[in-house]
Structure formats: C-alpha cells, structure tokens
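*Asks:* Would you mind keeping the following structure in view while I ask a few things?
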Amino acid sequence: MQSIRVVGGNTLAGSVDVSGSKNAALPILFSTLLADGTHRFENVPQLRDIDSTEQLLRALNCQTAHTGNSMRVSVVRPEKMEAPYDLVRKMRASILCLGPLLTRYGEARVSLPGGCAIGSRPVDLHVQTMKRLGAEIEVEAGYVIAKTKRLQGARILFDKVTVGGTENALMAAALARGTTVIENAAKEPEVVDLVHYLRSMGAKIDGEGTSVITIDGVDELHPAEHRIVPDRIEAGTLLIAGAITGGSVTIRQCVPQHLQALMDKMQDCGFKVHSDETSITVETAGEWSGTDVATAPYPAFPTDLQAQFM
96 MQSIRVVGGN TLAGSVDVSG SKNAALPILF STLLADGTHR FENVPQLRDI DSTEQLLRAL
156 NCQTAHTGNS MRVSVVRPEK MEAPYDLVRK MRASILCLGP LLTRYGEARV SLPGGCAIGS
216 RPVDLHVQTM KRLGAEIEVE AGYVIAKTKR LQGARILFDK VTVGGTENAL MAAALARGTT
276 VIENAAKEPE VVDLVHYLRS MGAKIDGEGT SVITIDGVDE LHPAEHRIVP DRIEAGTLLI
336 AGAITGGSVT IRQCVPQHLQ ALMDKMQDCG FKVHSDETSI TVETAGEWSG TDVATAPYPA
396 FPTDLQAQFM
C-alpha cells in the first residue's frame, strides 16, 4: 500500500507557479473531436486524468503527443464512435465525449462510468440534454447509445447548476442546426475557458460567465491553439497551506479574480492578502480567527476548497 509521510511544524514560505487547470483541460481536450486536424495546447497539467483522456482520444483514432506542459492532438474520423468501459471507468469526465461525437458524426456509444448500475446515474443530465437537442438515446448493457441525423438547437434549462452538463451542451450545440439557449448555465472559469477555445475554433457563442449562454450552430469548426487557464483550486490550496502554517506565500501565474471568494474569507480571518493581475500573496499577521463559510457554485466559495479551509 502506498503512503505519504508528512512531518509537520514548519512554516511554508516562498513563491510557486500554479499549474494549468485539469477541470478546464479535460473538456477542451474532448472538444478536439469537433474538428479534424491538429490542435495545440499549452499549460496542460501532468496528471493521471490527462493521461486517461489521451488514452480515450487514441481509442477514437486520434494521435496525441505530450511534452512537458505542451500537448498536440491530431484528429481524424474514428473507425468506431465508442468510448469503452475499460477506459471510461478510469474517469467520470469521459462522458464529455458524448456531445462532440454525437454532434459531429451523428452517433455515439459511451459506457456508463458505473457500468450497468441501476438507479439514478450521474450521466442522466447529459442524456436528457442530448434528447432536448433531438437525439434518440437508449441505455443498453451499460452503454449510452445515441444517434441523430443532425442535432437541432433548443432551449435547455438545467434544474440545478451543472458544470459537466453545461460543457456537454456547449460542445453538442456548437455544430447543431439553429440556436441553442442554455439557462441556469454554470459560470465557472473552466466553462468560460472551454467557450474561449470553441470560439477560437469558429463556434458562435455569447454569454459565457453568465447564467444564460446562447450558441448559434455552425456547419464546421477548425483546429486552433490555446493556453489552459490556471488551476484555481491548486492556487487556493497553496494559499491556505501558507496561511495556516504562519508563512508568507506568493502564488504566481494565477487569475486572482477566480479566487475572490477565498481571498475575502481569508481576510475575514485576519490574514493579509495582496494581489495583482497574475499573482496572490498571503501573509500571517498576528492572531487570526475563524469565520463562517457556505459553499456554492462559482463565484461563491468553492466546495473543492472547503476541506482545506476548515
């Protein structure tokens, strides 16, 4: 059994560059399925989920090359529009290939992350979204099997804010016929980053970062180049670590506005927080106290930083 041994009691101090966001990179990598050719990315984090995504893309006939934080994805038409269970089980985000495959090729066969599990499934929201866009979908033997002549623009109203659901809807609607309006859309920076890449590919999208996003479908997209947005959760985790150990820590190559809720709460606790366009510094200034925190979708305090902050 692997283990990590931590020897505590030391103050953390210094500066560090934050990595690219995994939660932004994953949907952007799947969006490459929307256009043949070579897509190029910078600031891609080196993580297991990225490796799993590369494996799935290669299973769909793509060629990938990953050197350091740079990555290249070359896309051609897959022989089979299928994401098999042995790859999907490694990562729930694999469901994000459903929208691109369906809208580009008119068919998709994507394994459920839990195989043949009966009952409420995390993918149900994605399935309902594709149905709203006109797809015919069945769930058989642990697979979502979808087909369509061409997806049609529609009004999509999410009952609750969903990042993955918003992302799949965006990718599917990009090549659909007509206009799609997503209401109660996720506002997360990772969703905005996906829109920025889709737009660089030629998609017509307005309203990212708000609760209503409008997509006018186009006939085709083209590959592009993109730098993945910095990881706000990694940045926030390092800021909290510096603060609670009584140190002075500077996080570079980040987007401070993505962490405004965290910075506000840290100041409420008595920490000194300074920021400029691309960095944040936290310092411990004497005694600090607790504060109340309620997590909610962006731009509120992120759930993924709750445990660290507590």
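Note that the numbering used here has the sequence shown beginning at 96, numbered continuously upward. Positions of the beta carbon are idealized from the N, C-alpha and C atoms, including for glycine. What you are looking at is a predicted structure, and each value in this text was computed from that prediction instead of being measured.
Alpha helix (DSSP H) containing ILE335: first to last residue?
*Replies:* Counting along the chain, the alpha helix (DSSP H) containing ILE335 begins and ends at 327-339.
*Asks:* Using the beta-carbon count (16 or more within 10 Å), is LYS244 buried or exposed?
*Replies:* Per the 10 Å Cβ criterion, exposed.
*Asks:* Would you call ARG199 buried or exposed, if buried means 16 or more other Cβ atoms sit within 10 Å of its Cβ?
*Replies:* Per the 10 Å Cβ criterion, buried.
*Asks:* Per DSSP, what are the beta-bridge partners of LEU252 in this structure?
*Replies:* Looking at the DSSP assignment, LEU252 forms a beta bridge with GLU278.
*Asks:* Taking the runs of the beta strand (DSSP E) that are 3 residues or longer, which of them lie wholly in the region 297-329?
*Replies:* Those beta strand (DSSP E) runs which fall completely within the region 297-329 and span 3+ residues are 299-301, 307-311, 320-322.
*Asks:* Compute the Euclidean distance between the alpha carbons of LEU478 and LEU121, then round it to the nearest angstrom.
*Replies:* The shown model of the chain, from 96 to 405, leaves out residue 478, and the question about it has no answer.
*Asks:* Taking all protein chains shown into account, do 16 or more other C-beta atoms lie within 10 angstroms of the C-beta of THR398, making it buried, or fewer, making it exposed?
*Replies:* The residue is exposed, with fewer than 16 neighbouring Cβ atoms inside 10 Å.
*Asks:* If you drop the 5 nearest sequence neighbours on each side, which residues of the same chain put their C-beta closer than 7 Å to that of GLU233?
*Replies:* Counting only Cβ-Cβ distances below 7 Å, and skipping sequence neighbours, we find ILE240.
*Asks:* Where does GLU233 fall in DSSP's three states?
*Replies:* Three-state DSSP puts GLU233 in a strand.
*Asks:* With a Cβ-Cβ cutoff of 8 Å, do TYR189 and LEU196 count as a contact?
*Replies:* Here residue 189 is Ser; the residue named in the question, Tyr, does not match the sequence. No, Cβ-Cβ distance for SER189 and LEU196 is not below 8 Å.
*Asks:* Where does THR257 fall in DSSP's three states?
*Replies:* Coil, per DSSP.
*Asks:* Quick one: which unbroken beta strand (DSSP E) runs of 3-plus residues sit fully inside the region 356-385? Chain order, please.
*Replies:* Fully enclosed beta strand (DSSP E) runs of 3 or longer: 367-370, 374-378.
*Asks:* Is ARG327 buried or exposed, if buried means 16 or more other CB atoms sit within 10 Å of its CB?
*Replies:* ARG327 should be labelled buried.
*Asks:* Considering Cα atoms alone, identify which of ILE339, VAL388, GLN348 is closest to LEU107.
*Replies:* Comparing Cα positions, the closest option is ILE339.
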